[in-house]
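> Just add 11 to the spot in the sequence shown (first one is 1) and you have my numbering.
Ideal Cβ positions, reconstructed from N, Cα and C, are used throughout, including at glycine.
Model, not experiment: these values are computed from the prediction.
Quick one: the structure is below, and I'll ask about it shortly.
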Amino acid sequence: MSVLTCSWCGGGPNDYRKIIAGPGTLICDQCVLRCLTVIADDKNWLDRAISDALLKHAEIDLIVSHRRSADETDPLS
Numbered sequence: 012m013s014v015l016t017c018s019w020c021g022g023g024p025n026d027y028r029k030i031i032a033g034p035g036t037l038i039c040d041q042c043v044l045r046c047l048t049v050i051a052d053d054k055n056w057l058d059r060a061i062s063d064a065l066l067k068h069a070e071i072d073l074i075v076s077h078r079r080s081a082d083e084t085d086p087l088s
């Protein structure tokens with residue numbers, strides 16, 4: 012059985028509690044925590060991410076409602 016090591020820090024099973032597999036890479040719980048700390052340090056990151064997601068959702072709603080309006084007025088639909 013092969014030993015799973017973190018692609019980020021090189022830590023082995025004695026260094027982490029959990030390891031997450033991605034496409035061609037592994038990341039341990041300790042590296043995930045470090046990444047979350049970096050993200051959390053940017054206090055505006057979450058606000059921007061939420062704002063971007065809401066904007067995208069609003070754009071989708073606008074496109075869908077515009078399409079529905081066009082379908083209702085199109086005699087061929």
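In terms of residue numbering, what span does the beta strand (DSSP E) encompassing L37 cover?
Here residue 37 is taken as the residue at index 26 of the sequence shown, counted from 1. Residues T36 to C39.
> Please go through the same chain and pick out, in chain order, the residues whose beta-carbon is closer than 7 Å to the beta-carbon of T36, but skip the five residues on each side of it.
Taking the sequence shown and counting its residues from 1, one reaches residue 36 at position 25. So the list reads S18, once near-sequence residues are dropped.
> Please return the same chain residues whose Cβ sits closer than 6 Å to the Cβ of I31, not counting the five positions on each side in sequence.
Numbered from 1 along the sequence shown, position 20 holds the residue referred to as residue 31. Shown here for I31: same chain residues with a beta carbon closer than 6 Å to its own, the five before and five after excluded, namely I38 in chain order.
> Taking DSSP's pairing of strands, which residues face A32 in a bridge?
As a first step, residue 32 is located in the sequence shown; it is residue number 21 there, counting from the start. The beta-bridge partner set that DSSP reports for A32 consists of L37.
> Can you give the Cα-Cα distance for I74 and N25, rounded to whole angstroms?
Along the sequence shown, one-based indexing puts residue 74 at 63. Along the sequence shown, one-based indexing puts residue 25 at 14. One C-alpha to the other measures close to 52 Å.
> So, D40 versus K54, is the Cβ gap smaller than 8 Å?
Along the sequence shown, one-based indexing puts residue 40 at 29. Along the sequence shown, one-based indexing puts residue 54 at 43. Their beta carbons are not under 8 Å apart, which means D40 does not touch K54 by this criterion.
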